[in-house]
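Here's the structure, in structure tokens; my notes come after.
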Amino acid sequence: MIELSRTVESLAPSGIRDFFDLVMSMDDVISLGVGEPDFATPWHIREAAIKSIEDGYTNYTSNKGMPELRKAICTHLDKVHQLNYDYEEEILITTGVSEGMDLAMRALINPGDEVIIPTPCYVSYYPTAKMAGARVKLLNTEPDQFKLNPEKLADAISPASKIVVLNYPSNPTGTTYDKSLLEQLAELIIKHDLIVISDEIYSHLTYDLQHIPLPTLPELRERTIFFNGFSKSCAMTGLRIAYATGPEKIIGAMTKIHQYTMLCAPTTSQFAAIEATNHGADAIASMKKEYKRRRNLVHEKLNRLGLDCPLPDGAFYAFPSIKKTGLDPTTFCKKLLTQQQVAAVPGTAFGPGGEERIRISYATDFQQLREALKRIELFLQSL
Amino acid sequence: MDRLLELLEDNGRMPLNELAGALEMSESEVAKKLEKFEREGVIKGYKTVIDRTKLDDAPQSIIGLIEVNISPQPDTGFDQIAREIYDHPEVRSCYLCSGDYDLLVWVEASTLNEIAEFVARELAPLKNVHKTESHFMLKIYKEGGLYFEPPTSDHRLSISP
Ligand SMILES: Cc1ncc(COP(=O)(O)O)c(C=O)c1O
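Chains as they are written, first to last, in this note's numbering: chain A, 1 to 383; chain B, 384 to 544.
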């Protein structure tokens with residue numbers, strides 16, 4: 001009899017697994033369920049990766065990542081956000097934000113420490129916190145337009161609270177935080193001596209507001225681990241490359257785990273990331289423009305169909321309410337899929353606050369998106 | 384370029400309500416803008432891109448791309464002679480180019496012979512035309528941004544977090 005780790009056994013399987021199997025069994029599906037860009041990685045970035053292989057760079061790099069890449073990212077953060085990080089001690093190149101998230105949780109959490117996670121949220125925060133041994137407090141942001149309400153955060157904070165996870169712009173809601181809300185949250189974070197894990201992987205896709213990285217707020221730099229990466233901004237999901245910046249002490253601890261569990265991020269991808277950091281701006285801007293056009297289409301159409309949907313500030317997701325249909329999200333998504341061959345993800349996959357919602361990804365070609373919205377309209381008429 | 388034009392350049396049949404949605408404008412504002420572009424000739428017209436190889440009944444069309452060398456005229460430069468050429472109904476497009484030739488003339492007809500006739504009878508004898516070189520189009524891969532061959536396929540998983 002094989003006995004598994006009780007922590008692992010207690011984790012629920014990913015909420016979208018069943019659904020994935022169902023989608024795969026069908027033909028002619030337009031999927032609005034994809035959490036990655038539909039664009040191909042810009043060619044000059046792919047070329048940099050290919051060239052590195054041709055040149056024979058297929059060996060390990062320094063644990064922290066190639067100095068050239070760390071320098072390029074630090075220079076970029078300084079230029080764009082006036083964020084100063086020392087490339088030697090305050091940045092770690094990771095195999096995706098996914099790895100970085102796990103490292104941060106493990107580097108910081110002692111048994112009994114509490115992690116506060118606003119929901120609905122990206123699927124990895126809860127499991128990584130749990131696997132690191134944390135107690136997790138979920139805060140439903142649905143009543144507050146999917147923004148963490150400072151009063152509710154104040155109420156939730158206990159002596160055991162250690163970490164708050166923020167993600168803006170958000171997967172799955174598309175919400176971002178403006179300056180005044182960030183300042184209110186910062187006040188509490190400082191007052192209660194919390195550490196913030198700030199997942200800003202969609203920062204490049206902020207449509208109307210200016211994205212404000214959390215560590216740019218006064219006194220937050222020394223208590224924030226800032227995550228960003230290339231998966232979304234440069235359509236490089238499969239290259240598995242990202243970075244974390246933060247105080248030397250935390251980055252050092254994360255590096256310690258990383259050197260044993262990952263050794264280094266993929267070398268080929270590090271070369272691609274150098275090119276993306278130094279020359280990716282135009283490609284990022286043109287993809288952003290296209291996403292924004294789609295966002296406007298989706299937002300307008302969903303609201304016209306009566307699926308109440310807040311205007312997404314960023315990322316490539318819309319998170320409309322399906323309450324008026326009387327269906328729960330899983331039933332809604334299954335019916336929509338079987339009757340109209342359109343796939344979306346039930347809001348319940350993202351934790352409390354998603355019970356009456358579905359996630360629609362508009363990382364989908366514009367014409368396909370129009371067709372999918374038309375099919376959703378037909379589906380709603382058939383109910 | 385104006386966002387309305389970008390959307391229509393992509394899809395000339397996008398309905399008003401969707402244009403309005405994508406542009407965050409009212410339908411009547413969009414309609415007014417559209418009318419202005421049409422009136423001013425910014426929008427020349429709306430055409431359909433057809434893949435004729437998918438039709439069994441329609442006569443196949445032959446497309447000739449003809450490079451034409453002409454002598455520019457003292458007053459009118461290339462314009463007058465170009466007009467004499469592009470006014471022919473067989474000419475679908477006509478461009479003045481830099482390089483080895485002056486005009487690129489896109490001619491469409493239902494047989495090779497018709498194109499040959501056009502070149503021999505209408506084009507080559509023109510007073511200021513001194514050389515033509517004809518190319519026949521064999522296959523369309525992409526036209527006006529639209530793929531005639533299936534585009535590279537989407538490798539993504541259809542559901543991901
Ligand atoms: C909010 C958020 N964080 C992290 C990730 C994972 O990113 P990476 O590819 O860098 O591991 C995703 C991917 O969907 C995401 O949406």
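The beta-carbon is built from N, C-alpha and C at its ideal position, and this holds for glycine as well.
Item: With 16 other CB atoms within 10 Å as the buried threshold, where does Ser233/A fall?; Value: buried
Item: Near Thr441/A, which residues of its chain fall below 6 Å by C-beta distance, leaving aside the five closest residues on each side in sequence?; Value: This structure does not reach residue 441/A, given that chain A is present from 1 up to 383, and the question cannot be answered.
Item: Mind pulling the alpha helix (DSSP H) runs of 4 or more residues that sit fully within the region 340-383 of chain A?; Value: 366-382
Item: Leaving aside the five residues before and after Pro127/A along the sequence, list all residues of the same chain whose C-beta is less than 7 Å from its C-beta, in chain order.; Value: Leu11
Item: Pick from Ile109/A, Leu311/A and Thr364/A: whose alpha carbon is nearest that of Ser541/B?; Value: Thr364/A
Item: Would you call Pro169/A buried or exposed, if buried means 16 or more other Cβ atoms sit within 10 Å of its Cβ?; Value: buried
Item: Just to confirm, does Pro544/B get its C-beta within under 7 Å of one of the non-hydrogen atoms of ligand 1?; Value: yes
Item: With a floor of 4 residues, list each alpha helix (DSSP H) that falls wholly inside the region 221-304 of chain A, ordered by position along the chain.; Value: 248-261, 267-279 and 281-304
Item: Given that Tyr390/A touches chain B, what residues does it touch there, using C-beta distances under 8 Å?; Value: Because residue 390/A is not part of the residues shown, which for chain A are 1 to 383, the question remains open.
Item: Cβ of Tyr177/A versus every heavy atom of ligand 1: is any distance shorter than 7 Å?; Value: no
Item: By the criterion of Cβ-Cβ separation under 7 Å, what are the contact partners of Gly424/B in chain A?; Value: In chain order: nothing, as chain A lies at least about 26 Å away.
Item: Could you have a look at Asn452/B and say whether DSSP puts it in helix, strand or coil?; Value: strand
Item: Taking Ser31/A as the query, report the chain E residues whose CB atoms sit under 7 Å from its CB, ordered along the chain.; Value: Considering every chain present, this structure includes no chain E. Its protein chains are A and B.
Item: Hey, Arg223/A and Val196/A: beta-carbon distance below 8 Å or not?; Value: yes
Item: Could you pull the DSSP bridge partners for Thr387/A from this structure?; Value: Chain A is shown from 1 up to 383; residue 387/A falls before or after that span and cannot be answered.
Item: Can a CB atom of chain A be found closer than 8 Å to the CB of Glu473/B?; Value: no
Item: Per DSSP, which one or two residues make a beta bridge with Ser476/B?; Value: Trp489/B
Item: Going along the chain, which residues of the region 404-423 of chain B sit with their C-beta nearer than 9 Å to a C-beta in chain A?; Value: Gly404, Ala405, Leu406 and Glu407
Item: Does Arg293/A get closer than 8 Å to chain B when you measure Cβ to Cβ?; Value: yes
Item: Check whether chain B comes within 8 Å of Leu297/A, counting only Cβ atoms and requiring the distance to be less than that.; Value: yes
Item: Between which two residues does the alpha helix (DSSP H) harbouring Leu188/A extend?; Value: Lys179 to Lys191
Item: Show which residues of chain A have a CB atom less than 7 Å away from the CB atom of Asp385/B.; Value: Those do not exist, as Asp385/B stays about 13 Å from chain A at its closest Cβ, beyond 7 Å.
Item: Measuring from the CB of Ala242/A, is there a heavy atom of ligand 1 at a distance below 7 Å?; Value: yes
Item: I'd like to confirm something about Ala98/A: is its beta-carbon nearer than 7 Å to some heavy atom of ligand 1, or not?; Value: The question names Ala, but residue 98/A in the sequence shown is Ser. Checking every heavy atom of ligand 1 against the Cβ of Ser98/A, one is found closer than 7 Å.
Item: So, does the CB of Arg135/A fall closer than 8 Å to a CB anywhere in chain B?; Value: no
Item: In its own chain, which residues sit with a C-beta less than 7 Å from the C-beta of Cys357/A, not counting the 5 before and 5 after it?; Value: Sequence check: residue 357/A is Arg here, not Cys. Here the set comprises Phe319, Pro320, Ser321, Ile322, Pro329 and Gly347.
Item: Can at least three beta-carbon pairs, one atom from the region 259-275 of chain A and one from the region 62-74 of chain A, be found at a separation below 8 Å?; Value: yes
Item: How about Tyr125/A and Val164/A: are their beta carbons less than 8 Å apart?; Value: no
Item: In this structure, how does DSSP classify Lys335/A when only helix, strand and coil are distinguished?; Value: helix
Item: What in chain A is Cβ-close to Glu526/B, meaning under 8 Å?; Value: In chain order: nothing, as chain A lies at least about 16 Å away.
Item: Name the residues in the region 326-349 of chain A whose C-beta lies less than 7 Å from a C-beta of chain B; which are they?; Value: Ala343 and Val345
Item: According to DSSP, Asp199/A sits in a beta bridge with which residue or residues?; Value: Asn167/A and Phe227/A
Item: Shorter than 8 Å from the beta carbon of Phe379/A to some beta carbon of chain B?; Value: no
Item: In chain order, which continuous runs of the alpha helix (DSSP H) of length 4 or greater are located wholly inside the region 410-450 of chain B?; Value: 410-422
Item: Kindly say whether Glu401/B, judged by its beta-carbon, lies nearer than 8 Å to any beta-carbon of chain A.; Value: yes
Item: Measure how close the beta-carbons of Glu99/A and Ile251/A come, nearest whole angstrom, since I'm counting them as under 8 Å.; Value: No, Glu99/A and Ile251/A are not in contact; Cβ-Cβ is about 14 Å, not under 8 Å.
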